[in-house]
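**Student:** According to numbering that gives the first Met the number 0, the sequence shown is numbered sequentially starting from 0.
Sharing a structure below in structure tokens format, with a few things to ask.
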Amino acid sequence: MNLYRFFGLPNAFKIVEVLVIILLTMTVLLSPGTNHPGAWFFWFNIAFQFLAMIVITGTFLVESENSLTCGREIWPLFECSYSALFFFLNIINTFLCASWVGNGASSSIAAAAFFSFILVILYGLGAAMMLKIWMGFSTSSQGTAAPTTAGVATQGTVLPGDPGMMHPGV
């Protein structure tokens, strides 16, 4: 278990997202009169996000995220995909909560709309960061580095597994 992995910016969002989902759930549960139009979608969406984020955070915590991607090295693409999905679902949640406030719901539902909007921002930033990381992986794996001569890089960056101009050692 490596807790230092959560101190980096794309990964630090996971814990914050789970905490905001808990705050959002508690805010809506404690508000009077939760029988609003579209409430079934809101609760299904929040429960799905909470369970998915617990599984994803747990597998990331024990460093077995390759089990979610079937052993392939596409974790940034996987994380970008679920973040984009949750981004759009939370946009719907934000508009649902805002419409409930417009229909005379309590002010705690306005706080729920605010928490949903915070989730939109967190998932959007996470998706954008992971897309940038994945695009960096995909361009570096397509062989765009400088040409090599006899296995020694003449210019440009050194690729993984290429010793470049290094001494082979003893």
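Using N, Cα and C, we set each Cβ at its ideal position, and we do this for glycine too.
Within 10 Å of its beta-carbon, does residue 34 have 16 or more other beta-carbons around it, so buried, or fewer, so exposed?
**Tutor:** With fewer than 16 other Cβ atoms within 10 Å, it is exposed.
**Student:** Could you check whether the segment 18-27 touches the segment 35-48, counting it as contact only if at least three pairs of C-beta atoms, one from each stretch, sit closer than 8 Å?
**Tutor:** The answer is yes - the segment 35-48 touches the segment 18-27, with three or more Cβ pairs under 8 Å.
**Student:** Please list the terminal residues of the continuous alpha helix (DSSP H) segment that includes residue 69.
**Tutor:** Neither: residue 69 is in no alpha helix (DSSP H) and is coded neither H nor E.
**Student:** Tell me the residue span of the alpha helix (DSSP H) that contains residue 101.
**Tutor:** Residue 101 -> alpha helix (DSSP H) spans 74-101.
**Student:** In this structure, does DSSP put residue 44 in helix, strand or coil?
**Tutor:** Correct three-state label for residue 44: helix.
**Student:** Between the segment 114-130 and the segment 51-71, can you find at least three pairs of beta-carbon atoms closer than 8 Å?
**Tutor:** Verdict: no, contact absent.
**Student:** Could you check what DSSP says for residue 30 in three-state terms: helix, strand or coil?
**Tutor:** Reduced to three states, the DSSP call for residue 30 is coil.
**Student:** Here's the rule I'm using: 16 or more other beta-carbon atoms within 10 Å means buried, otherwise exposed. How should residue 85 be labelled?
**Tutor:** The residue is buried, with at least 16 neighbouring Cβ atoms inside 10 Å.
**Student:** Give the DSSP-derived three-state secondary structure of residue 3 in the structure shown.
**Tutor:** Three-state result, residue 3: helix.
**Student:** Where does residue 106 fall in DSSP's three states?
**Tutor:** It is helical.
**Student:** Would you kindly work out how many angstroms separate the C-alpha atoms of residue 103 and residue 66, rounded to a whole number?
**Tutor:** If I take the Cα positions, the gap works out to 46 Å.
**Student:** Can you tell me which of the three DSSP states residue 36 falls into?
**Tutor:** Residue state, collapsed to three classes: coil.
**Student:** So, are the CB atoms of residue 133 and residue 95 less than 8 Å apart?
**Tutor:** It is not a contact, given that the beta carbons lie outside the stated cut-off.
**Student:** Quick check: the Cα distance between residue 106 and residue 39, rounded to an integer number of angstroms?
**Tutor:** Approximately 20 Å between the Cα atoms of the pair.
**Student:** If you draw a straight line from the alpha carbon of residue 68 to that of residue 121, how long is it in whole angstroms?
**Tutor:** Roughly 22 Å between the two C-alpha positions.
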